[in-house]
Amino acid sequence: MDGLQLLACVLSGLAVLVLPVRSSRPRAKVSNLRRGCIDGFEQGEEWLNPAWACDDGVRKKIRDQLEHGVPVIVKDFLKPAIAEQLRDIVVQGLMESADAASSQRNHGGRFTKLEDLPIDLKNAYHNLAEQNSCQKVRQAENALDGFQWRSHTQRWNNHSLYSWVQHRFLQQSVRDVMSDISGAPVDKHGGNFFDTDVNYFAPGDYYATHNDNAEGRYLSVTLQMSLQWDPEWGGHFTWCGPSGQAFTVEQGFNRAVLFPVNSESVHFVEPVWLERKKSNTGPPPLTMTGASRVTLQGWYSDPCAITQNEGDHRDLEMAEYRRAHPCHSVSEAQSRHSDWASTVEERMRNKPQTPVLITND
1 MDGLQLLACV LSGLAVLVLP VRSSRPRAKV SNLRRGCIDG FEQGEEWLNP AWACDDGVRK
61 KIRDQLEHGV PVIVKDFLKP AIAEQLRDIV VQGLMESADA ASSQRNHGGR FTKLEDLPID
121 LKNAYHNLAE QNSCQKVRQA ENALDGFQWR SHTQRWNNHS LYSWVQHRFL QQSVRDVMSD
181 ISGAPVDKHG GNFFDTDVNY FAPGDYYATH NDNAEGRYLS VTLQMSLQWD PEWGGHFTWC
241 GPSGQAFTVE QGFNRAVLFP VNSESVHFVE PVWLERKKSN TGPPPLTMTG ASRVTLQGWY
301 SDPCAITQNE GDHRDLEMAE YRRAHPCHSV SEAQSRHSDW ASTVEERMRN KPQTPVLITN
361 D
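Rendered as structure tokens:
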């Protein structure tokens with residue numbers, strides 16, 4: 001899907017598509033920021049794609065949106081070779097644990113199967129371009145038994161893989177970029193932890209409306225790793241925000257959705273439909289090279305503001321951090337986070353944004 005097609009799918013909401021396009025025009029000189037940014041990515045430790053991450057103009061355009069709570073969609077987020085390597089590792093892990101995940105799908109309340117969803121909710125999902133579509137989804141969700149979600153989640157049973165992803169996202173050079181484009185303190189106390197997991201959405205899986213606003217979270221990063229995805233299969237990240245009007249971001253590969261986390265960062269994942277309208281078939285089973293709805297989610301967070309335990313490797317990582325960096329005050333960390341989130345929320349409500357296509361040419 002090209003840039004114009006993706007822009008068309010988000011014209012009803014607040015989104016920014018960032019396309020790192022290479023220009024044939026010569027540049028007079030390399031800026032100090034670009035030179036320092038590229039030098040900052042240590043050899044063998046590459047992660048972000050310098051085509052956007054080290055471009056002064058693109059970073060400013062992204063920052064102008066994120067500081068007002070507007071989600072930014074970054075194409076070719078990681079270096080291409082790194083993105084391919086990461087997907088292979090993640091999908092291999094998902095395939096090894098697929099049987100266990102299928103029988104232990106997580107859910108809130110009494111999970112309602114896709115075929116049993118209220119007709120009003122199905123209609124709302126199928127008509128997201130209508131006015132006030134997010135409000136219609138949320139109203140229809142009220143008929144469900146509690147918060148509903150189901151996916152095949154891999155909470156990093158491989159500690160070395162979890163640590164590898166943590167290390168890459170928490171490199172100082174990466175945190176410097178993320179802090180600059182978001183205004184969030186991810187280069188300091190607010191970004192000393194990257195809470196992350198992987199999700200595979202099979203036919204029938206979905207994630208009801210929520211805002212990601214858990215303890216200590218500053219910046220949300222969702223990296224899409226979906227190959228050959230047919231838009232009719234659904235499973236799209238859908239943003240609501242304070243406007244109540246939905247826009248959907250179709251699945252792709254090495255495309256990231258970034259947004260500041262607060263009470264207004266409302267979104268959901270449209271169901272992965274069991275069949276397409278044209279062929280009456282849904283997506284194929286998960287394979288290394290086939291079509292599959294796979295994402296890596298993560299949140300730059302302040303460990304000192306987190307009090308809840310998850311019972312997995314996240315707790316171990318936070319414990320290790322706290323041993324090396326004692327937290328002086330949980331209440332102070334939580335207050336600092338709350339003040340930052342409130343500032344972003346106010347900007348979101350007071351200055352509605354319109355869709356913008358940003359290119360680096």
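Just so you know, the numbering used here puts 337 at position 337 of the sequence shown, and the rest follows in order with no gaps. C-beta atoms are modelled at their ideal positions from N, C-alpha and C, and glycine is treated no differently. Please read all numbers here as calculations on a predicted model, not as lab measurements.
Item, Value
"Beta-bridge partners of K75, as assigned by DSSP", "R255"
"Residue nearest to W239 in terms of C-alpha spacing, selected from D55, V72 and N49", "V72"
"Cβ shell of I181 (< 7 Å), same chain only, five flanking positions each side left out", "R59, I62, R63 and L66"
"Three-state class that DSSP yields for F237 in the structure shown", "strand"
"Under 9 Å between C-beta atoms of R138 and T196", "no"
"Cβ contact check for the region 284-301 and the region 217-226: 3 or more pairs under 8 Å", "yes"
"Selected residue, minimal CA-CA separation from P203, among N211, E115 and M288", "E115"
"Contact the region 158-168 vs the region 230-249: 3+ CB pairs below 8 Å", "no"
"Length of the line joining the Cα atoms of F169 and A51", "17 Å"
"Beta-carbon spacing of S292, L223 below 9 Å", "no"
"G146 classed as buried or exposed, judged by whether at least 16 other C-beta atoms fall within 10 angstroms", "exposed"
"Secondary structure of G93, DSSP reduced to three states", "helix"
"Start-to-end residues for the alpha helix (DSSP H) that takes in T287", "First-last for T287: undefined, no H or E at that position."
"Straight-line gap, L117 to E141 (C-alpha atoms, nearest Å)", "9 Å"
"C-beta contact flag for L144 and M225 at 9 Å", "no"
"Contact belief for L94 with Y200 at Cβ below 8 Å, rounded distance in angstroms", "5 Å"
"Helix, strand or coil at N199 [DSSP, three-state]", "strand"
"Close beta carbons around M348, own chain, < 6 Å, minus the five adjacent residues each side", "G69, P242 and E264"
"Endpoints, alpha helix (DSSP H) assigned at V177", "Q172 to S182"
"Cβ-based neighbour list, N213, same chain, cut-off 8 Å, excluding 5 preceding and 5 following", "V261, N262, S263, S265 and A341"
"CB of Q172 within 9 Å of CB of F194, strictly", "no"
"Which residues DSSP lists as bridging W299, in chain order", "D195 and S220"
"Nonlocal neighbours in the same chain, by C-beta distance under 7 Å from P284, ignoring five residues either side", "G290 and A291"
"Best match in N123, F77, P185 and N350 for proximity to S338 [C-alpha to C-alpha]", "P185"
"Candidates D120, K188, A256 and K122: closest to R336 by CA position", "K188"
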